[in-house]
Amino acid sequence: MFHKDKFFYIWATFFTTFVYSITRLPCFSYANYNLIPSKYYWGVIESSLYADSVINCGTYCTRSQTCEYANYNENLQTCQLMSSTANSLNSSTISQWTVLTTVFINNTNVGPICEDNAPCGKLHCRDICVSDSMVHAYLCLAESNDVSTLGSPSLSATYRSTTAPSYAIDGNLTTAAMTPPAGNNKWFKLDLIFIFRVYQIIVWNHFANTFRMNGNNLTASINDKPSEYFLIGRLNSNAKQVFTGSYIVRYILITKTDSDALQVAEINVFV
Numbered sequence: 633m634f635h636k637d638k639f640f641y642i643w644a645t646f647f648t649t650f651v652y653s654i655t656r657l658p659c660f661s662y663a664n665y666n667l668i669p670s671k672y673y674w675g676v677i678e679s680s681l682y683a684d685s686v687i688n689c690g691t692y693c694t695r696s697q698t699c700e701y702a703n704y705n706e707n708l709q710t711c712q713l714m715s716s717t718a719n720s721l722n723s724s725t726i727s728q729w730t731v732l733t734t735v736f737i738n739n740t741n742v743g744p745i746c747e748d749n750a751p752c753g754k755l756h757c758r759d760i761c762v763s764d765s766m767v768h769a770y771l772c773l774a775e776s777n778d779v780s781t782l783g784s785p786s787l788s789a790t791y792r793s794t795t796a797p798s799y800a801i802d803g804n805l806t807t808a809a810m811t812p813p814a815g816n817n818k819w820f821k822l823d824l825i826f827i828f829r830v831y832q833i834i835v836w837n838h839f840a841n842t843f844r845m846n847g848n849n850l851t852a853s854i855n856d857k858p859s860e861y862f863l864i865g866r867l868n869s870n871a872k873q874v875f876t877g878s879y880i881v882r883y884i885l886i887t888k889t890d891s892d893a894l895q896v897a898e899i900n901v902f903v
């Protein structure tokens, strides 16, 4: 469900060449690389993939959230995504290999469309992925870069109408989304509709029964497959808990495994 006061428009665009500095949204298929022929940089191999060109190897690195550089062997058509920092002092001269080191012209950019075209004027512009089709697009946001109210919240089960999922994004800390107390494996989920690069998540605890938040897990994922959620942090009973980083996500999930109610007063997601 879109909120018209926050959601203005989306504009889709496609790119096939390597331009601009590296970004981590999975729908981006371009970045800027230095190619170092006849070299192999040693380090931690995140994964080894088939790639029929150095361009495709660069694409794999760009779409990985942990790739810092890549080693490419044209003869073997092998692309090694490396999660450690590139270090020229820890390298070997091997004729069949080429190293792709990322060029961080501006690693704090919000995305090539927003940064280079300024399509939103004075509004906040954020690059996104339309996740069903992995099309690169952008959003123009008014007032705030908190996209929680653009999302669709849900609960594993609702306790009563006054604790519906929507109360976790209503801006009111005196209300809360809450599950029934009975049973295990309860959850609160926020579907952001699009894939964003999230910089901060704030979870607000309800003032009543604050202990219910203690030990819950805050996780996130690009898709809604249980095996692909990654842990952002373990929650405690504090009123406000802030998690800052660089997370590529669409779904945000708070889970509780013990036999008590799960309650969330408010959640903010800043992009």
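Each residue of the sequence shown is one higher than the one before, starting from 633 at the first, in the working numbering.
Note that the Cβ used here is the ideal one computed from N, Cα and C, for glycine as well.
Quick caveat: nothing in here was measured; it's all calculated off a predicted structure.
Select from the options the residue whose C-alpha is nearest the C-alpha of residue i.
| i | options | result |
| --- | --- | --- |
| T806 | I854, S685, T795, L824 | T795 |
| E706 | R792, I833, C757, I726 | I726 |
| A789 | F820, G877, R695, C711 | F820 |
| M766 | S776, I827, Y799 | I827 |
| K671 | S679, E700, N719 | N719 |
| Q895 | I687, E860, R792 | R792 |
| I834 | N868, E860, K818 | N868 |
| D856 | N848, L822, H768 | L822 |
| Q873 | A897, G690, T694 | A897 |
Along the chain, where does the alpha helix (DSSP H) containing residue i start, and where does it finish?
| i | result |
| --- | --- |
| V686 | 686-695 |
Might you give, ordered along the chain, the residues of its own chain that have their beta carbon closer than 8 Å to the beta carbon of residue i, omitting 5 neighbours on each side?
| i | result |
| --- | --- |
| C620 | The structure shown does not extend to residue 620, since the chain is modelled only from 633 to 903, so the question has no answer here. |
| A871 | W836, N837, F839, T842 |
| L708 | Q728 |
| N688 | C711 |
| A750 | C757 |
| P858 | none |
Just checking my contact of residue i with residue j at CB under 8 Å: how many whole Å lie between their CB atoms?
| i | j | result |
| --- | --- | --- |
| F875 | Q832 | 7 Å |
| Y673 | V731 | 5 Å |
| R882 | I854 | 6 Å |
| N816 | T733 | Actually they are not in contact, since the Cβ atoms of N816 and T733 sit about 48 Å apart, beyond 8 Å. |
| C699 | E678 | 6 Å |
| L713 | S696 | 5 Å |
| A683 | Y704 | 7 Å |
| L885 | C761 | That pair is no contact at about 19 Å. |
| T887 | N848 | 6 Å |
Could you give the first and the last residue of the continuous beta strand (DSSP E) run that contains residue i?
| i | result |
| --- | --- |
| C711 | 710-714 |
| V573 | Outside the displayed span of the chain (633 to 903) sits residue 573, for which this structure offers no information. |
| N705 | 701-705 |
| T876 | 872-888 |
| V731 | 729-734 |
| I677 | 677-682 |
| Y665 | 665-669 |
| P785 | 784-787 |
Between residue i and the rest of its own chain, which residues show a CB-CB distance below 7 Å, the 5 nearest in sequence each way excluded?
| i | result |
| --- | --- |
| G865 | L850, F875 |
| A669 | As written in the sequence, residue 669 is Pro, which differs from the Ala given in the question. Cβ neighbours of P669 beyond the five flanking positions: T730. |
| D892 | P813, R844 |
| Y879 | V830, A852, I864 |
| L721 | none |
| Y950 | Lying outside 633 to 903, the shown extent of the chain, residue 950 is not represented and no answer is given. |
What residues in its chain sit with their C-beta under 6 Å from that of residue i, if we drop five residues either side in the sequence?
| i | result |
| --- | --- |
| P797 | P785, S786, L787, A809 |
| L681 | Y692, C711 |
| S716 | G675, V676 |
| N739 | No answer about N739 holds up, because its pLDDT of 41 lies below 50 and its placement is not dependable. |
| S780 | I801, I899, N900, V901 |
| S763 | I827, R882 |
| N777 | H756, F902, V903 |
| K818 | S788, T811, K888, L894 |
| S724 | Y672 |
| G803 | none |
| G877 | none |
*asked:* Give the list of continuous beta strand (DSSP E) stretches no shorter than 3 residues that lie fully inside the region 745-774.
replied: Those beta strand (DSSP E) runs which fall completely within the region 745-774 and span 3+ residues are 756-762, 767-773.
_In chain order, each beta strand (DSSP E) run of at least 3 residues that lies wholly inside the region 819-864_ = Counting only runs of 3 or more, we get 849-853.
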